[in-house]
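Visitor: Before anything else, here's the structure in question.
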Amino acid sequence: MAKLLYSVTMSLDGFIAGPGGDMSWMTEYLGPNPEVDELIPRIGALLIGKRTATGDDPLKGQEGEGKAFGGGWEGPEFVVTHDIPGTESPGTTYVGDLPTAVAQAKAAAGDKYVNILGANVAKQCLEAGELDEVLTFIAPVMLGDGVRLFDHPGGRTVRLERLSTNQTPMATSLWFRVL
0 MAKLLYSVTM SLDGFIAGPG GDMSWMTEYL GPNPEVDELI PRIGALLIGK
50 RTATGDDPLK GQEGEGKAFG GGWEGPEFVV THDIPGTESP GTTYVGDLPT
100 AVAQAKAAAG DKYVNILGAN VAKQCLEAGE LDEVLTFIAP VMLGDGVRLF
150 DHPGGRTVRL ERLSTNQTPM ATSLWFRVL
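Final position of the sequence shown in numbering that gives the first Met the number 0 is 178; the numbers increase by one with none missing.
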């Protein structure tokens, strides 16, 4: 059965996007990454938040713009949104609620991962008890403001079990199981 994985690159100070959702900071940290190369064939579907689907792209103006993992992955994408467009893009399904989106993405992924893109959708999956794992690539930069990896006003403790730690020239990765 598919597992839900939140994989994300963040700054050392905990931001996955800069102010206003700016992703341009990430461009220089998207170099070769063997761990990402090994992950991509293990992904069966994407679960994407609306802001992520329509937001800034770190590959803006470059080859791979608008494509998952810069064009390194292709497959079914499920965008969670209350504002479903009249026309759909090939391979993209717009879903109006999280439980339906998760069920459809899991069915499409089979025994592979459903990779989550977007902090808000990841938070919703965590709160619904659906998030299984978190893979964070920590880039050697501090942004000071922006979209946090996990934001829960008032605080919330989420226990994690470390599965692996790796280092590449571009980032350090931490892979956890959600307990």
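C-beta atoms are modelled at their ideal positions from N, C-alpha and C, and glycine is treated no differently.
Might you give, ordered along the chain, the residues of its own chain that have their beta carbon closer than 6 Å to the beta carbon of residue 121, omitting 5 neighbours on each side?
Guide: Hits under 6 Å: 5, 115.
Visitor: Decide if residue 168 is buried, meaning its Cβ has at least 16 other Cβ atoms within 10 Å, or exposed.
Guide: So residue 168 ends up on the exposed side.
Visitor: What does DSSP give as the partner residue(s) for residue 137 in the beta ladder?
Guide: Paired residues: 9, 171.
Visitor: Taking the alpha carbon of residue 165 as the point to measure from, which residue in 145, 135, 159, 151 has its own alpha carbon closest?
Guide: It is 135.
Visitor: Excluding the five sequence neighbours on either side, which residues of its own chain have a C-beta within less than 8 Å of the C-beta of residue 110, listed in chain order?
Guide: If we look at residue 110 and ignore the five residues flanking it on each side, its Cβ neighbours are 0, 1, 43.
Visitor: For residue 83, does the count of other Cβ atoms within 10 angstroms reach 16, so buried, or fall short, so exposed?
Guide: Classification for residue 83: exposed.
Visitor: Leaving aside the five residues before and after residue 112 along the sequence, list all residues of the same chain whose C-beta is less than 6 Å from its C-beta, in chain order.
Guide: Excluding sequence neighbours, residue 112 sits near 2, 4, 41, 42.
Visitor: My output table needs one value for residue 106: the three-state DSSP class, helix, strand or coil.
Guide: Residue 106: helix per DSSP, three-state reduction.
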